[in-house]
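**Student:** I'd like to ask some things about the structure below.
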Amino acid sequence: MPLRKTAKGLASAAAIAGLSLALMLPAGPAAAEAGFQRWVASFRSVAADNGISGSTYDRAFRGVTSADPEVLEKARFQPEFTAPVWDYFDNRVHDQSITVGREMARKWKPWLDRIEASYGVDRYILLAIWSMESNYGEILKNDKVMRNVVRSLSTLAYGDQRRAKFARTQLIAALKILQRGDIDESHLVGSWAGAMGHTQFIPTSYQAYAVDADGNGKRDIWNSIPDALATAANLLKKNGWQGGKTWGYEVVLPEGRKFPTGSLTLDKWASLGVERANGKAFKRGSDVATLKVPDGRGGPAFLMTKNFSVIKRYNNADKYALAVGLLADEIAGYGGLVQDWKRPFTKLSFEEKQELQKRLSAHGYYDGKADGKIGEGSRSAIKSFQAQLGLTQDGHPSMEVLKWLRRN
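Shown next, in the form of structure tokens:
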């Protein structure tokens, strides 16, 4: 979701702007529903002051009679688990995301040609973002994830004091999207926090960057793949994407040498003994890059160029931008990492992870989907299985655990 840093800043500002305690969810379902409806009625004047017509407001809130309790639950109980580096990348850069990305590159080639020509943004970066944000649109088919954006944002504005200011700002933007006619109220859906469409834009980011690429008069990132990919490309271009250049390079560092912090030219890095991991020369020695070692000196190292920072405008996290870059390179056929992550076990393929989940389910340890993505549910199931066998309870999705499951 683009501009998460901005969203986070708005959310923290809500604590200062604040809502009165009267806006917190009252006890009891009937009282809670009545309180929410009073909030909706009172917010009507705020929307009007921001140019929202009464008919648009009525249309947006038709059928929205209560706050969404699941939204508040997700807002209040976000997971505290911090994924190790290898776990983060294994769940995003894997066999399936690469294979589907290549299929999408073929399927949408004419549009990708046009978008790449118009915006100068590498098509494989756009495909990787599409994968990261919505699994190439698959998440939009999941009714348990997708919800009414107006209801979600009004729920947060009404019942979540920390996110109230952010939610009010996004709600006004969502109403403007509806009023403009880009999407109707029945299809204005998104994540619990209001991220929308194939490329997961919050409403204010949509307003800033949305594009009608297919020329039908609507900027429809929910149903039009060209619009969604062009919108992502527009965000990157407007934030300084350098066409024809890479996001960075995997490199090998000479043993025992300390390196300066900050940015140096690639020629300067080379003079310090830093080499590309694939043995090739740097393409543009005058380009400036910053050294990053996300898994420590024993893991893969990278020289990040300007475009890496631009990807972070989509999500201000090094791991996110690196995952996009690595997945893009894999989809393009450039190959994966030369130096793997410092993973403390034997890695499973995507299909083997699915098998692991199915076998854990068959043994009664796991009740989630066999989607090949290892989250808290899968880790807890692995730990329970390991405990049953008297093994170290590390929760790792390893070949060692899969072999134990195959025996039992």
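The sequence shown maps to residues -32 to -1, 1 to 376 in mature numbering (1 follows the signal peptide of the UniProt record, and there is no 0).
Think of the CB as a built atom: it goes at the ideal place given N, C-alpha and C, for glycine as much as any other residue.
Label residue 382 either buried or exposed according to how many other C-beta atoms from any shown protein chain fall within 10 Å of its C-beta, with 16 as the threshold for buried.
**Tutor:** Given that the chain is displayed from residue -32 to residue 376, the structure contains no residue 382 and the question cannot be resolved.
**Student:** Measuring straight from C-alpha to C-alpha, what distance separates Asn275 and Ala(-2)?
**Tutor:** Position 307 of the sequence shown, counted from the start, is the residue given in the question as residue 275. Position 31 of the sequence shown, counted from the start, is the residue given in the question as residue -2. Roughly 51 Å separates the two Cα atoms.
**Student:** Buried or exposed for Asn283, please, with buried defined as at least 16 other CB atoms from any protein chain shown within 10 angstroms of its CB.
**Tutor:** Residue 283 sits at position 315 when you count from the first residue of the sequence shown. Looking at its Cβ environment, which holds 16 or more other Cβ atoms inside 10 Å, Asn283 is buried.
**Student:** Going by other Cβ atoms of all chains shown within 10 Å of its Cβ, with 16 needed for buried, is Tyr217 buried or exposed?
**Tutor:** Here residue 217 refers to the residue found at position 249 of the sequence shown. Tyr217 comes out buried.
**Student:** Quick check on the DSSP output: the beta strand (DSSP E) that includes Met72 runs from which residue to which?
**Tutor:** Along the sequence shown, one-based indexing puts residue 72 at 104. Note, Met72: premise wrong, no beta strand (DSSP E); alpha helix (DSSP H) at 63 to 75.
**Student:** Around the Cβ of Glu101, are there at least 16 other Cβ atoms within 10 angstroms (buried) or fewer (exposed)?
**Tutor:** For the purposes of this step, residue 101 is taken as the residue at position 133 of the sequence shown. When all chains shown are included, Glu101 counts as buried.
**Student:** Ignoring anything shorter than 4 residues, give me the alpha helix (DSSP H) runs that lie fully in the segment 206 to 294, in order along the chain.
**Tutor:** Correct list: 234 to 239, 274 to 279.
**Student:** State the Cα-Cα distance for the pair Ile170 and Phe270, rounded to the nearest angstrom.
**Tutor:** By 1-based counting over the sequence shown, the position of residue 170 is 202. By 1-based counting over the sequence shown, the position of residue 270 is 302. C-alpha separation (whole angstroms): 30 Å.
**Student:** Are the beta-carbon atoms belonging to Val278 and Gly208 less than 7 Å from one another?
**Tutor:** The count along the sequence shown starts at 1 and reaches residue 278 at position 310. The count along the sequence shown starts at 1 and reaches residue 208 at position 240. Cβ distance < 7 Å, so Val278 and Gly208 count as in contact.
**Student:** Around the Cβ of Ser23, are there at least 16 other Cβ atoms within 10 angstroms (buried) or fewer (exposed)?
**Tutor:** In the sequence shown, the residue the question calls residue 23 occupies position 55. Label assigned to Ser23: exposed.
**Student:** Express the C-alpha separation of Asp63 and Gln325 in angstroms, rounding to a whole number.
**Tutor:** Taking the sequence shown and counting its residues from 1, one reaches residue 325 at position 357. Taking the sequence shown and counting its residues from 1, one reaches residue 63 at position 95. If I take the Cα positions, the gap works out to 17 Å.
**Student:** Between Val53 and the rest of its own chain, which residues show a CB-CB distance below 6 Å, the 5 nearest in sequence each way excluded?
**Tutor:** Within the sequence shown, numbered from 1, the residue matching residue 53 stands at position 85. So the qualifying residues of the chain are Pro262, Asp263, Trp309.
**Student:** Secondary structure at residue 405, three-state DSSP: helix, strand or coil?
**Tutor:** The question about residue 405 has no answer, for the chain in this structure spans -32 to 376.
**Student:** Could you tell me which residues DSSP puts in a beta bridge with Arg115?
**Tutor:** As a first step, residue 115 is located in the sequence shown; it is residue number 147 there, counting from the start. Answer is Gly158.
**Student:** What does a CB cutoff of less than 6 Å around Gly158 pick up in its chain, not counting 5 residues either side in sequence?
**Tutor:** The residue you call residue 158 lines up with position 190 of the sequence shown. Excluding residues within five positions, the ones whose Cβ falls inside 6 Å are Val117, Met164.
**Student:** From Glu84, Asn110, Glu71, Ser99, pick the residue whose C-alpha is nearest to that of Gln210; which is it?
**Tutor:** Taking the first residue of the sequence shown as position 1, residue 210 is located at position 242. The residue with the shortest Cα to Cα distance from Gln210 is Glu84.
**Student:** Can you tell me whether DSSP reads Phe169 as helix, strand or coil?
**Tutor:** Position 201 of the sequence shown, counted from the first residue, corresponds to residue 169. The answer is strand: DSSP assigns Phe169 an E or B state.
**Student:** At the level of alpha carbons, what is the spacing between Phe29 and Thr314?
**Tutor:** Looking up residue 29 in the sequence shown gives position 61. Looking up residue 314 in the sequence shown gives position 346. Straight-line Cα distance between these residues: approximately 51 Å.
**Student:** Under DSSP, the alpha helix (DSSP H) around Tyr25 begins and ends at which residues?
**Tutor:** By 1-based counting over the sequence shown, the position of residue 25 is 57. Residues 22 to 29.
**Student:** Under DSSP, the alpha helix (DSSP H) around Glu41 begins and ends at which residues?
**Tutor:** Walking along the sequence shown from the start, residue 41 turns up at place 73. Run containing Glu41: 37 to 44, per the alpha helix (DSSP H) assignment.
**Student:** For Gly267 and Tyr334, what's the separation of their Cα atoms in angstroms?
**Tutor:** Counted from its first residue, the sequence shown places residue 267 at position 299. Counted from its first residue, the sequence shown places residue 334 at position 366. If you take the alpha carbons of Gly267 and Tyr334, they lie about 32 Å apart.
**Student:** Nearest to Gln361 by CA position, among Met72, Leu370, Ser348, Val242, is which residue?
**Tutor:** Position 393 of the sequence shown, counted from the first residue, corresponds to residue 361. Nearest option by C-alpha distance: Ser348.
**Student:** When the Cα of Leu221 is compared with those of Lys133, Gln307, Phe45, Pro(-31), which residue comes out closest?
**Tutor:** Working through the sequence shown from its first residue, we reach residue 221 at position 253. Nearest of Lys133, Gln307, Phe45, Pro(-31) to Leu221, Cα basis: Gln307.
**Student:** Do Arg244 and Val219 come within 7 Å of each other at the CB atom, strictly closer than that value?
**Tutor:** For the purposes of this step, residue 219 is taken as residue 251 along the sequence shown, with counting starting at 1. For the purposes of this step, residue 244 is taken as residue 276 along the sequence shown, with counting starting at 1. Contact flag set, yes.
**Student:** Taking 8 Å as the cut-off, does the segment 295 to 306 touch the segment 316 to 325 (at least 3 CB pairs, one atom from each stretch)?
**Tutor:** As far as the Cβ criterion goes, the segment 316 to 325 does not touch the segment 295 to 306, which means the pair count is below three.
**Student:** Quick one, which of Thr214, Arg311, Thr199, Thr50 has its alpha-carbon nearest Leu294's?
**Tutor:** Counted from its first residue, the sequence shown places residue 294 at position 326. Nearest C-alpha to Leu294: Thr214.
**Student:** At a cut of 8 Å, does the segment 10 to 25 reach the segment 89 to 104 through at least three beta carbon pairs?
**Tutor:** No, they do not touch.
**Student:** Kindly list the residues whose CB is nearer than 6 Å to the CB of Phe227, restricted to its own chain and excluding five residues on each side of it in sequence; keep chain order.
**Tutor:** Taking the sequence shown and counting its residues from 1, one reaches residue 227 at position 259. Leu259, listed in sequence order.
**Student:** Taking the alpha carbon of Pro37 as the reference point, which residue from Leu121, Arg70, Gly149 has its own alpha carbon closest?
**Tutor:** As a first step, residue 37 is located in the sequence shown; it is residue number 69 there, counting from the start. Among Leu121, Arg70, Gly149, the Cα nearest to that of Pro37 belongs to Leu121.
**Student:** Pick out whichever of Ser154, Gln175, Lys351 has its Cα sitting closest to the Cα of Lys144.
**Tutor:** The count along the sequence shown starts at 1 and reaches residue 144 at position 176. Looking at the Cα atoms, Gln175 is the closest of the given residues.
**Student:** How long is the line joining the alpha carbons of Arg281 and Ser173, rounded to whole angstroms?
**Tutor:** For this step, residue 281 is matched to residue 313 along the sequence shown. For this step, residue 173 is matched to residue 205 along the sequence shown. Looking at the two C-alpha atoms, the distance is approximately 11 Å.
**Student:** Alpha carbon to alpha carbon, what distance is there between Ala257 and Met272?
**Tutor:** The count along the sequence shown starts at 1 and reaches residue 272 at position 304. The count along the sequence shown starts at 1 and reaches residue 257 at position 289. Each residue's Cα considered, the two are about 5 Å apart.
**Student:** What are the partner residues of Met164, as DSSP defines its beta bridges?
**Tutor:** Numbered from 1 along the sequence shown, position 196 holds the residue referred to as residue 164. Paired residue(s): Gly158, Phe169.
**Student:** Can you list, in chain order, the residues of its chain with a C-beta nearer than 7 Å to that of Ala(-26)? Leave out the 5 residues immediately preceding and following it.
**Tutor:** Position 7 of the sequence shown, counted from the first residue, corresponds to residue -26. For Ala(-26), the pLDDT reaches just 40, beneath the cut-off of 50, and the residue's location in the model is therefore unreliable, although a value from the coordinates is still provided. Same-chain partners within the cutoff: Phe134, Ile170.
**Student:** Whole angstroms are fine: how far does the CA of Phe353 sit from the CA of Ser86?
**Tutor:** Stepping through the sequence shown from its first residue, residue 86 is reached at position 118. Stepping through the sequence shown from its first residue, residue 353 is reached at position 385. When rounded, the distance between both Cα atoms is 53 Å.
**Student:** Relative to the C-alpha of Gly224, which candidate in Gly230, Asp235, Gly241, Lys351 has its C-alpha closest?
**Tutor:** The residue given as residue 224 occupies position 256 in the sequence shown. Comparing Cα-Cα distances from Gly224 to each of Gly230, Asp235, Gly241, Lys351, the minimum goes to Gly241.
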